[in-house]
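Reviewing the structure listed below.
In my numbering, the protein residues as written are 43 to 180.
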C-alpha cells in the first residue's frame, strides 16, 4: 500500500506545482523573437536547447548564459535602451499579451540591478510568473 501511495504522489505533486504559459503567448513570443533568436544564442553562448524550450518547459536557469540571452533579445527588440533601462511602452506594444499594469509591476523593482544580464533575467522571471498566475484572456 505504501508503494502505491508513493507512486500516486509522484503523479500529483508535479501537477500541483506545475505552471505553464498559454500556447498563444508562447507562439507570440516565438514569432517576435525568431529573427533574433540564433544571433542571441551565439552571443550569449547559451545551450541552444534551453534557449528553444525554456518557455514551454517553464525552466529559467538563473545563470549568466540565460540572462545574457534575454538581454540580447530585449536589446534587439528595443525593449532595453542603450542605457540599460526598459521601455515599458515598447514592451507592451510588441508583447501585446501584457498590459501596462503587469509591465509596471515587473519593471518597478529591477532598476536597482546594475548587471544587465541579471536585470533581464529578473524582468523575465517576473513576467513569466505573472503570466502564469494572471487571469488568462486568450
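Even for Gly, the Cβ is constructed at its ideal location relative to N, Cα and C. All figures in this text were calculated on a predicted structure; none of them were measured in a lab.
- Spatial neighbours of residue 133 within its chain, please: CB distance less than 6 Å, with the 5 preceding and 5 following residues excluded, ordered by chain position. 121, 145
- Query: Thinking just about the alpha-carbon of each residue, which of 100, 107, 131 is nearest to the one in residue 90?
  - Reply: Ranking the options by Cα distance to residue 90, first place goes to 107.
- Message: For residue 147, count the other beta carbons within 10 Å of its own beta carbon; 16 or more makes it buried, fewer makes it exposed. Which is it?
- Response: exposed
- Helix, strand or coil at residue 108 according to DSSP, with G and I counted as helix: Looking at residue 108 - three-state DSSP - the assignment turns out to be helix.
- Under the rule that 16 or more other beta-carbon atoms within 10 Å means buried, what is residue 154, buried or exposed? exposed
- Task: Using 10 angstroms around the beta-carbon of residue 151, count the other beta-carbons present and answer buried if the total reaches 16, otherwise exposed.
- Result: By the neighbour-count rule (16 or more Cβ atoms within 10 Å), residue 151 is not buried but exposed.
- What is the rounded straight-line gap between the Cα of residue 80 and the Cα of residue 131? 25 Å
- Query: CB residue 76 to CB residue 113, shorter than 8 Å?
  - Reply: no
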